[in-house]
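Number of protein chains: 2
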Amino acid sequence: MPSILKEKGPEELLKKYHLRNTDCRVKILESFQQFDFALSQGFLEEELKHSFDRVTIYRTLKSFLENGLIHKILDNEGGIKYALCSDDCSGGDHHHSHVHFKCEVCGQTVCLEKSTIPDVKIPKNFLVDEVNVLVSGICGKCR
Amino acid sequence: MPSILKEKGPEELLKKYHLRNTDCRVKILESFQQFDFALSQGFLEEELKHSFDRVTIYRTLKSFLENGLIHKILDNEGGIKYALCSDDCSGGDHHHSHVHFKCEVCGQTVCLEKSTIPDVKIPKNFLVDEVNVLVSGICGKCR
DNA sequence: TTATTTTTGCAACATTGTTGCAAAAATAAA
DNA sequence: TTTATTTTTGCAACAATGTTGCAAAAATAA
């Protein structure tokens, strides 16, 4: 998967997105690049507990979200997870019609990059913005 | 839609599901029958604020969920909503591979009963339990 | 190097999820 | 129908998360 976001260094990315280069941002970007599953705020808090305040992490995620570096991933337990966007995500109102898989055993959510969103039939007078598919089950590792 | 859950009286339903007939349960079932969109715990709390404690509402929803009267509906803002199951939901490990539509204007989530879940391609070694599709956009009323 | 802008940490509060426990209500038994 | 048993409820309490305001600290621009 040829994603700038996953291959460029955090500092470089921040510059590209016109965000100030701060320790917290760099560390969070590193985490996203390090783990191959979607991260929750709680996970990052645990990961960076001794380095940054949870409000800072909260605001960093919010900022990354607004600037199109990461996107939200649905969760069937009310939580929200985040993952790096892929290249074709321009900031603002970009769409993330992805398929995600959540393993009920390990709890990890991964993006199924190869699975394309199928066509869903919607009433004619409805306007579709985004389609999110969350498949839950058991992942390869946990079987 | 021929759903027992939507047509039978609350008391009758509770008996059918071997749940004790209490005021709170009746009122919550009535709410689900009354509104044609998915309800959040917060909505029910507001609705029944002066009648029941929020913990009671929380536990009632949990009980309905476990007994297969209602099912969870994903939300793209971290919340969870609930709706009455349709007939074919036996208790326990029943599946709810539904398509839901959330309107970004009015915030309401409805079940698109006619839209069937499309086939999503998943890696061979993964085990699929449930597929949730959340389409967001603008609903007919809000356009 | 100084001025300006942004970010951070902390305090604080709201919402939701969750549990324990005694009182109240519902059902079963006598 | 009265009593015994089981379940549900309300309240207190705490955890996790979302959110804002504000002054101090850090990053960038001048």
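Protein sequence lines, in the order shown, are assigned to chains A and B. For the first sequence, the numbering used here gives the first residue as 1, with consecutive numbering after it. For the second sequence, the numbering used here gives the first residue as 1001, with consecutive numbering after it. For glycine and all other residues, C-beta sits at the position ideal for the given N, C-alpha and C. What you are looking at is a predicted structure, and each value in this text was computed from that prediction instead of being measured.
How many angstroms separate the CA atom of residue i from the CA atom of residue j?
i	j	result
A/R143	A/D119	30 angstroms
B/G1009	A/G68	48 angstroms
A/H126	A/L61	One point to set straight first is that residue 126 of chain A is Phe, not His, in the sequence displayed. Spanning the two alpha carbons is a distance of roughly 31 angstroms.
A/Y58	B/T1116	37 angstroms
B/C1106	B/G1137	10 angstroms
B/V1135	A/E130	6 angstroms
A/V26	A/K141	30 angstroms
A/K81	B/Q1033	32 angstroms
B/C1085	B/I1070	5 angstroms
List the residues that DSSP assigns as beta-bridge partners of residue i.
i	result
B/E1004	Checking the sequence, you will find Ile at residue 1004 of chain B rather than Glu. Partner(s): none; B/I1004 has no beta bridge.
A/N132	B/L1134
A/H163	Lying before the first or after the last residue shown, residue 163 of chain A is absent from chain A, which here runs from 1 to 143.
B/C1103	B/G1137
B/V1110	B/F1101
Which residues of chain B have a Cβ atom closer than 7 angstroms to the Cβ of residue i, listed in chain order?
i	result
A/C139	F1126
A/F101	I1122, F1126
A/I70	Ordered by position in chain B, no residue passes the 7 angstroms Cβ test against A/I70, which lies about 14 angstroms from the chain.
Please list the partners that residue i has in chain B, where partner means a Cβ-to-Cβ separation under 8 angstroms.
i	result
A/K57	With the sequence shown as reference, residue 57 of chain A is identified as Ile, and Lys is not the correct amino acid for it. Residues of chain B passing the Cβ test: none, with the nearest at roughly 16 angstroms.
A/R54	Correct list: empty, because the minimum Cβ distance to chain B is about 16 angstroms.
Using the beta-carbon of each residue, which ones in chain B are nearer than 9 angstroms to residue i?
i	result
A/K62	Result: empty, since nearest Cβ-Cβ is about 13 angstroms, beyond 9 angstroms.
Consult DSSP for residue i and reduce its assignment to one of helix, strand or coil.
i	result
A/C146	Any answer about residue 146 of chain A is impossible in this case: the structure gives chain A only from 1 up to 143.
B/Y1017	coil
B/K1040	In the sequence under discussion, the amino acid at residue 1040 of chain B is Ser, which differs from the Lys named in the question. Here B/S1040 sits in strand by DSSP.
A/L29	helix
Whose Cβ in chain A lies nearer than 9 angstroms to the Cβ of residue i?
i	result
B/E1113	Result: empty, since nearest Cβ-Cβ is about 11 angstroms, beyond 9 angstroms.
For residue i, which residues in chain A fall below 8 angstroms Cβ to Cβ?
i	result
B/L1074	L74, D75, N76, N132, L134
At 7 angstroms on the CB atoms, spell out the chain A contacts of residue i, in chain order.
i	result
B/E1104	D129
Q. Which full runs of the alpha helix (DSSP H) of 4+ residues lie inside the segment 1032–1081 of chain B, going along the chain?
A. 1041–1047, 1054–1066
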